[in-house]
Amino acid sequence: MSAKEAIYTRHGGKAGDRGKMLAEIMNAEGKPEVLDDVLVLDVSSANFAGIICASLLAEFGAEVIKIEPADGDPARQITPFGVMVQGVGVPFMFEGRNKRYLTLDVKNSEEDRKTFARLAAKAAVVIESFLPGEMDAWGIGYRQLSAANPGLVYVALSAYGQYTDKAKDSARMPDTDITSQAGSGLPAQMGAPPEDPEPLNWPLRGGMWAGWYISGLSAAFGATVALIHRQNTGEGQMVDVAGMDAYSSMVGMPATIGFTWEKARPRIGVLDFILYPYGHWKCKDGFVAIAAPRDHDFRALLKILGLWEQEDDWRYSSDRIPDILEQALHLHKIIEEKTVLYTADELVKMALNYSRKSARSKWRGGGVPIVMKLMTPEEAMSNKQWEVRKAFQEVEDEKLGKFIISANFVKMSESPPRVKWVSSEIGRDNDYVREKYLRD
Amino acid sequence: MEDYFAYTAKLFNPDEANAKPEALKGLRVLDFSHVIFGPIAARLLADYGAEVIKLELPFYGDLWRPATYWGKYWKHSNPIWHNITKNKYFLSVNLQLKESKELIYKMAEKADVVIENFAPGTADAWNIGYEKISKINPNIIFLSCSTYGQFGPMRYFPGWDLLAQGASGVLTLNGYPDTDIYYKLPDYVGDFVPGNFASLAVLMALYHRKKTGKGQYIDMAQTEGLMRMLYHYTYFSVTKEAIGRTGNTDPTMMPASIFKTADEKFLALACATAQQFGHFADAIGMPELASDPRFAETPERLKPENAKALTKIATDWIQSKSCADILKLADAKGFPAAEVADDYMIANEEWRRKRGSVVLFNDTVYGKLLIAGPSAQLSKTPSRTKWLARPLGYHNRLVLKKFLDLCEADIQELERKKVIGTFDDRPGLKPPVYYNLNEDPIYNYGKEVKK
Numbered sequence: 007m008s009a010k011e012a013i014y015t016r017h018g019g020k021a022g023d024r025g026k027m028l029a030e031i032m033n034a035e036g037k038p039e040v041l042d043d044v045l046v047l048d049v050s051s052a053n054f055a056g057i058i059c060a061s062l063l064a065e066f067g068a069e070v071i072k073i074e075p076a077d078g079d080p081a082r083q084i085t086p087f088g089v090m091v092q093g094v095g096v097p098f099m100f101e102g103r104n105k106r107y108l109t110l111d112v113k114n115s116e117e118d119r120k121t122f123a124r125l126a127a128k129a130a131v132v133i134e135s136f137l138p139g140e141m142d143a144w145g146i147g148y149r150q151l152s153a154a155n156p157g158l159v160y161v162a163l164s165a166y167g168q169y170t171d172k173a174k175d176s177a178r179m180p181d182t183d184i185t186s187q188a189g190s191g192l193p194a195q196m197g198a199p200p201e202d203p204e205p206l207n208w209p210l211r212g213g214m215w216a217g218w219y220i221s222g223l224s225a226a227f228g229a230t231v232a233l234i235h236r237q238n239t240g241e242g243q244m245v246d247v248a249g250m251d252a253y254s255s256m257v258g259m260p261a262t263i264g265f266t267w268e269k270a271r272p273r274i275g276v277l278d279f280i281l282y283p284y285g286h287w288k289c290k291d292g293f294v295a296i297a298a299p300r301d302h303d304f305r306a307l308l309k310i311l312g313l314w315e316q317e318d319d320w321r322y323s324s325d326r327i328p329d330i331l332e333q334a335l336h337l338h339k340i341i342e343e344k345t346v347l348y349t350a351d352e353l354v355k356m357a358l359n360y361s362r363k364s365a366r367s368k369w370r371g372g373g374v375p376i377v378m379k380l381m382t383p384e385e386a387m388s389n390k391q392w393e394v395r396k397a398f399q400e401v402e403d404e405k406l407g408k409f410i411i412s413a414n415f416v417k418m419s420e421s422p423p424r425v426k427w428v429s430s431e432i433g434r435d436n437d438y439v440r441e442k443y444l445r446d
Numbered sequence: 094m095e096d097y098f099a100y101t102a103k104l105f106n107p108d109e110a111n112a113k114p115e116a117l118k119g120l121r122v123l124d125f126s127h128v129i130f131g132p133i134a135a136r137l138l139a140d141y142g143a144e145v146i147k148l149e150l151p152f153y154g155d156l157w158r159p160a161t162y163w164g165k166y167w168k169h170s171n172p173i174w175h176n177i178t179k180n181k182y183f184l185s186v187n188l189q190l191k192e193s194k195e196l197i198y199k200m201a202e203k204a205d206v207v208i209e210n211f212a213p214g215t216a217d218a219w220n221i222g223y224e225k226i227s228k229i230n231p232n233i234i235f236l237s238c239s240t241y242g243q244f245g246p247m248r249y250f251p252g253w254d255l256l257a258q259g260a261s262g263v264l265t266l267n268g269y270p271d272t273d274i275y276y277k278l279p280d281y282v283g284d285f286v287p288g289n290f291a292s293l294a295v296l297m298a299l300y301h302r303k304k305t306g307k308g309q310y311i312d313m314a315q316t317e318g319l320m321r322m323l324y325h326y327t328y329f330s331v332t333k334e335a336i337g338r339t340g341n342t343d344p345t346m347m348p349a350s351i352f353k354t355a356d357e358k359f360l361a362l363a364c365a366t367a368q369q370f371g372h373f374a375d376a377i378g379m380p381e382l383a384s385d386p387r388f389a390e391t392p393e394r395l396k397p398e399n400a401k402a403l404t405k406i407a408t409d410w411i412q413s414k415s416c417a418d419i420l421k422l423a424d425a426k427g428f429p430a431a432e433v434a435d436d437y438m439i440a441n442e443e444w445r446r447k448r449g450s451v452v453l454f455n456d457t458v459y460g461k462l463l464i465a466g467p468s469a470q471l472s473k474t475p476s477r478t479k480w481l482a483r484p485l486g487y488h489n490r491l492v493l494k495k496f497l498d499l500c501e502a503d504i505q506e507l508e509r510k511k512v513i514g515t516f517d518d519r520p521g522l523k524p525p526v527y528y529n530l531n532e533d534p535i536y537n538y539g540k541e542v543k544k
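Sequences listed follow chains U and S, in order.
Residue numbering for the first sequence follows our numbering, beginning at 7 and increasing consecutively.
Residue numbering for the second sequence follows our numbering, beginning at 94 and increasing consecutively.
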């Protein structure tokens, strides 16, 4: 363990060079792929939650066939500012992992539906995002496919789900990211407080696809639970994901707080409801994120910033929580007056030096205030940590050329996920699929 | 043929969910984790039937037990902690004693999964890390959760959801362009999302173990979990430009923003495809927009100058209509729209309760609490809530007697030696004051209960 690494821990390095050993056993090369016996058909349309679910299964080794009409899934055109490379949008490039592309028009062609049903008879998973009831009306819904293939796991994504009167009444409404975020409670918790000018004080959307990624991840999770049940019993089932559930069901807080408080939380801007200090502050050359919420972390931060004379006023964590917003903002300013005097690097170093002593002390009073330079996604890409962990990968699409994706999102010693190739061409694997699955 | 929604209503009937089989029944998980990231990974397994034994220190407990919103407790418990740790067994042992470690090792022999989220290196230093546990049980699936991962130069840096949001770039994407304010994603999404990724990895390891008999070590970094959600890196590598902050407008669809309606409500509305846009143009009485060369094709609509013009049209129309009218049109014509839902709406909308998106759960200790349902509904092996969080050490007797075959005398000896313990008087740790634990058959498992 280097001196630098010793900073935050009393425990590192006792068992030899654990880091090096781990880097070796987490290498994905030549390892088995966990879902190599699973065939997935992704027939989702204009819905990235479906595409993401399919990608996650593909990264774990499933054979994933993306099925779309000859003019392509409209999702190909869902891309920031319309930016595309040879007709393929950026998110579609990013999610084009380990997939096969087959052209079938299940929406309009009776013949293609038959082909789809033949494939589904051999598949372990079907993923679709048509309007609830559409696939069923076409004779290729869960009801029909599971009759021929009782082991089938059928994942359906929609705005309001596949059952209840509400789902029926709103069956025509497609699912998108921003409506999923809004309908499941994320923007209500983000944005400036009510006193601030419009539109800053409006509910604010998460600046990435929080709705679609949570739905896609939840769908993959549900599908994998279903695959385990299938592995044990041979039985398949239906997995129903509603975009309007995504955020609230994953974090759980809106339901329980709405019930116990009998009202909604207000928006409190950059502050946190539970922890303080827990946010980001301006510094000389940008922003730093600071987390020092426990009492001893907070005291350590005061010492570092030369604010010890404030200790008496903010002694209890209940003094610092934003139930009285004005008071909490006052403390926020007091801290900011100090952070702007230093560069991010200086602040990080000040926290490190303090923490080195306190983490190695047997006395708990010291606290570990955490200070980090706030990074944009672009800055994050050049962090050495991710180079060592292979968190970014340069890939090459045979048509679109080279680009970078984030990959290897979890390290596993025996059956890790991995990106073997990216591709995007419509109908690229028509022959492959027909040869392998449709000859009989 | 039966109506589709009549068929699915039977398939997913929430009233029958608790009688259905559990996909992870029989699996045993030792949960050494604390706060949110690790505990949520373990809870997801418990929701599908795994026996999750949560380990805490006596009279101290999980850091998150007392961490409630604005210091507001509910029946002397932290209301949001129920969602994070429901369905678990709560065992409280003093890790500093040799006898405690032996209890843990004994449990590890029969465990399938171990989950921890201490700062990297800590679990090994305490001899409860992968190195030790995999010697006791070579087929164990061992999940370590951390902010930056178990290896790499930043591995010993501690972190919270905030730091993962800051290190991945997520935090700098929220807010309005040309301002100096960023917002973090709320409600510790930076713990919950990576917790779901981690649990997914455990499921994959279980699937693999069934096929090969082999366990494995899993290293989940919460920052990498968040990074998996950003196509922004690819955008940068293709264009050499950053997407940055775009306020309430999603630059990938058009229109796609949060608007204010005539009755002062907030509403998200989006058109992801030309077809959805056609429906929208029809709904606002301007069908000609669907063939306007600026808007007809999706790539044209997304171009900044056209997007600006279209956002103006959408804003003006939405300002002139009530929220309810717009939602009615969205249902009828088929374009995406949703009112911005807050806590109160989510807790009270009827469809969410009927679907099981939220569940009014009646608990034996705490009574009724509204709790979130799963984000994926399964027809044959659904997720379910069996009990809420419990006071510290509540299941000591049950776990030690049922899973380790200890007798009452053994347990009293362990209590005397302070190997196991329970709660003190702090809220978050103790039971509701009106609740009489002496009459509780689970707390007193295997003992005669006086009524």
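Glycine is no exception: its CB is placed at the ideal position from the N, C-alpha and C atoms.
Here the C-alpha atom of A29(U) lies approximately 26 Å from the C-alpha atom of Y324(S).
For N399(S), the uninterrupted alpha helix (DSSP H) segment begins and ends at P397 to Q412.
Per DSSP, reduced to three states, the secondary structure at T109(U) is strand. Across the set K168(S), L196(S) and W163(S), the C-alpha of L196(S) shows the shortest separation from the C-alpha of F496(S).
Between T185(U) and A355(S) the beta-carbon gap is near 19 Å, outside 8 Å, which marks them as no contact.
Distance from the CA atom of P383(U) to the CA atom of I410(U), rounded to whole angstroms, is 12 Å. Separation of W157(S) and W253(S) (C-alpha to C-alpha, rounded to the nearest whole angstrom) is 12 Å. Contacts between N187(S) and chain U, judged by CB atoms closer than 8 Å, are missing: the closest CB pair is about 16 Å apart. According to the DSSP secondary-structure assignment, Q399(U) is paired through a beta bridge with I411(U). One finds Y162 and W163 in chain S with Cβ atoms closer than 7 Å to the Cβ of F279(U), taken in chain order.
Assignment of R121(S) by DSSP, reduced to helix, strand and coil, places it in the strand class. Close CB contacts of A349(S) within its chain, under the 6 Å cut and outside five residues either way in sequence, are with D343 and A363 (chain order).
For D205(S), the nearest beta carbon of chain U is not closer than 7 Å to its own beta carbon. Under the DSSP definition of a beta bridge, F293(U) partners with K288(U). In this model, M244(U) and E95(S) are separated by some 17 Å (Cα to Cα). DSSP lists D456(S) as the bridge partner or partners of G460(S). When the Cα atoms are used, A68(U) and K426(U) turn out to be separated by approximately 12 Å. Rounded to whole angstroms, the separation of the alpha carbons of I133(S) and D140(S) is 10 Å. Spanning the alpha carbons of T345(U) and L311(U) requires a straight line of approximately 7 Å. Short of 8 Å from the beta carbon of P205(U), and not among the five residues preceding or following it, lies no beta carbon of its own chain.
If you check each beta-carbon in the stretch 450 to 461 of chain S against every beta-carbon of chain U, the ones closer than 9 Å belong to S450, V451, V452, L453 and K461. Shortest Cα-Cα distance from E400(U) to any of F244(S), F329(S), L104(S) and A291(S) involves F329(S). In the displayed model, W444(S) falls within a helix according to three-state DSSP. The shortest CA-to-CA distance from Q189(S) to any of L522(S), N220(S), R446(S) and A482(S) is the one to N220(S). DSSP links W167(S) through a beta bridge to S170(S). Residue contact with chain S for L444(U): absent (no Cβ-Cβ distance below 7 Å to any residue of chain S). For D140(S), no Cβ of chain U is located within less than 7 Å of the residue's own Cβ. With the rule of 3 Cβ pairs closer than 8 Å, the stretch 138 to 146 of chain U counts as touching the stretch 164 to 181 of chain U. In this structure, the beta-carbon distance from N489(S) to L123(S) does not fall below 7 Å.
Put simply, of D273(S), H127(S) and K510(S) the residue whose alpha carbon is nearest the alpha carbon of V276(U) is D273(S). The alpha helix (DSSP H) runs of length 4 or more contained entirely in the stretch 181 to 254 of chain S are, from start to end of the chain, 191 to 203, 215 to 218 and 223 to 229.
The closest CA to that of N289(S), considering only P209(U), L223(U) and A194(U), is found on L223(U). A Cβ of chain U is located within less than 7 Å of the beta carbon of A260(S). Note: E69(U) is bridge-paired with L45(U) in the DSSP secondary-structure output. 7 Å or more divides the Cβ of M196(U) from the Cβ of P429(S).
Shown here for L255(S): same chain residues with a beta carbon closer than 8 Å to its own, the five before and five after excluded, namely L264, K277 and G283 in chain order.
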